[in-house]
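Colleague:
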Amino acid sequence: MKKIRIATILVIGLIMGFVFTACASKGDYKYDMASPNPNSADGGMAYEYDMEDTKDAVSEEYNNLKNESGLTSTSGITTGYSADLSMDKIITKVNLEVETQEFDELIGIIKDEIVRLGGYDERTEVSGKRYYSRSNSRNGYIVARIPKDRLNDFVEVVKENGNVINESSSSDNVTLQYVDTQSRKKSLEIEQERLWALLEKTEKLEDIVTLESRLSSIRYEIQMYETEIRTIDNKVDYSTVTISVSEVERMTPTEEKETVLTRIKNGFSESIFNITEGLKNFLVWFVVNLPYLIIWAVIITAVVIITRRILRKSKNKNRRFSGAEDRIKETESDK
């Protein structure tokens, strides 16, 4: 019985020892940068990180980050619709398709308004109006970046000076992406500071090389996150407005619902316009092609004159030949 009790006590002691060892191994996180040489005296250099301290530091930095950036309202994403999204990071894009009869004037107004509102012209293209082109209409394409708080003012100016026939807008809430990117950046900065502290303490060449390699990777990742953050800030602070401008002779009617009288009026106006344009086009075609018409008229006249002369000569020959035959027949009959 004593042996059984002693064996039982030993088994229980071993089990408790394993449990305590497992708990102790989970409590600490070791960031080992050991020497590749297994025969070294100290078995490599081990740098210990306290995981709980790291989590607390990251959490504190994350809270400070939200307070500094003013991102106190993400309920529109995390908990459903929210009426107050002023603190969220929202990228807004607007597309406008505009007609105008004063192309140069409208382009100038748009560019002046971009500068006046504190924005900038990201891209401008103007096509059409070639010297030998039959079509005089031109097309413009402008990508403007406008401060988000002046976006409505800019759109209203475009509508006042042009005929907007198509308008669309979209919004993309990137708050979670923005906060996540800054959180990752802060975590890397915390790791960078700790590695700098370790680098100041270590004296082994292999550990110095390893630490500097990791610090170089961290710096590269931080720069990538900073670029992403600046890009998001720019897209959020400056809304993107894409404007397609078309030069036309007649504006497209923008009535929401046409009545019978309106349809008759528009149809009659369209017929008169088409007849007028047809006469204009014919007059232009006639004047432009007049030299060719004159040349062809001369050629055709010459051909007609020559043909008539040939026909006259052939008729005269036939008459003389028939007269000679008649005289021969009369002579033979007299004999």
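Those letters in the sequence shown? Residues 30 to 364, per my numbering, in order. For every residue, glycine included, the Cβ atom is placed at its ideal position computed from N, Cα and C. This one's a predicted model, so the numbers in the text were calculated from it and none came from an experiment.
#1: Nearest-angstrom Cα distance between S199 and T121?
#2: Only counting the same chain, and skipping five residues up and downstream in sequence, which positions put a Cβ closer than 8 Å to that of T210?
#3: Which word fits L240, buried or exposed, when buried means at least 16 other C-beta atoms lie within 10 angstroms of its C-beta?
#4: Per the DSSP calculation, P176 is bridged to which residue(s)?
#5: Kindly examine the ligand NAP and report whether one of its heavy atoms sits closer than 7 Å to the Cβ of G307.
#6: Could you tell me the distance, in whole angstroms, from the CA atom of E222 to the CA atom of I247?
#7: According to DSSP, which residues form a beta bridge with N202?
#8: Suppose only complete runs of 4+ residues qualify. What are the alpha helix (DSSP H) ranges in the region 287–338, listed by chain order?
#9: Based on the DSSP output, what are the partners of N168 in its beta bridges?
#10: Using DSSP bridges, identify the partner residues of T129.
#11: Pull up the distance between the alpha-carbon of Q206 and that of S212, whole angstroms please.
#12: Would you identify the three-state DSSP class for E255, choosing helix, strand or coil?
#13: Counting C-beta neighbours from all protein chains within 10 Å, is the total for L227 16 or more, i.e. buried, or is it exposed?
#14: So E154 and G169 are in contact, right, with Cβ under 8 Å, and what is the actual spacing, rounded?
#15: In whole angstroms, give me the CA-to-CA distance for L224 and R243.
#16: Kindly give me the distance between the Cβ atoms of K118 and T204, rounded to whole angstroms, as I take these residues to be in contact under 8 Å.
Modeller: Looking at the coordinates:
#1: As a first step, residue 199 must be located in the sequence shown, where it is residue number 170. As a first step, residue 121 must be located in the sequence shown, where it is residue number 92. Using only the alpha carbons, I get a separation of about 6 Å.
#2: By one-based count along the sequence shown, residue 210 stands at place 181. Same-chain partners within the cutoff: Y254, E257, I258 and I261.
#3: Position 211 of the sequence shown, counted from the first residue, corresponds to residue 240. Buried.
#4: The sequence position of residue 176 within the sequence shown is 147, counting from 1. In the DSSP assignment, P176 is bridged to Y267.
#5: Absent from the structure shown: the ligand NAP. Ligands present: none.
#6: To locate residue 222, count along the sequence shown from 1; it is residue 193. To locate residue 247, count along the sequence shown from 1; it is residue 218. Straight-line Cα distance between these residues: approximately 11 Å.
#7: The residue given as residue 202 occupies position 173 in the sequence shown. Per DSSP, the beta-bridge partners of N202 are I119.
#8: Complete alpha helix (DSSP H) runs here, min 4: 289–317.
#9: As a working mapping, residue 168 is identified with position 139 in the sequence shown. Answer is S156 and S275, bridged to N168.
#10: Taking the first residue of the sequence shown as position 1, residue 129 is located at position 100. Under DSSP, the beta-bridge partners assigned to T129 are E276.
#11: Against the sequence shown, residue 206 aligns to sequence position 177. Against the sequence shown, residue 212 aligns to sequence position 183. In this structure, the CA atom of Q206 is about 10 Å from the CA atom of S212.
#12: In the sequence shown, the residue the question calls residue 255 occupies position 226. Three-state DSSP puts E255 in a helix.
#13: Your numbering for residue 227 matches position 198 in the sequence shown. Buried, since its Cβ has 16 or more Cβ neighbours within 10 Å.
#14: In the sequence shown, residue 154 corresponds to position 125, counting from 1. In the sequence shown, residue 169 corresponds to position 140, counting from 1. Sure, about 7 Å apart at Cβ, within 8 Å.
#15: One-based indexing of the sequence shown puts residue 224 at position 195. One-based indexing of the sequence shown puts residue 243 at position 214. Cα to Cα, L224 sits roughly 8 Å from R243.
#16: Here the question's residue 118 lines up with position 89 in the sequence shown. Here the question's residue 204 lines up with position 175 in the sequence shown. Right, the Cβ-Cβ distance comes to about 5 Å (below 8 Å), so this counts as a contact.
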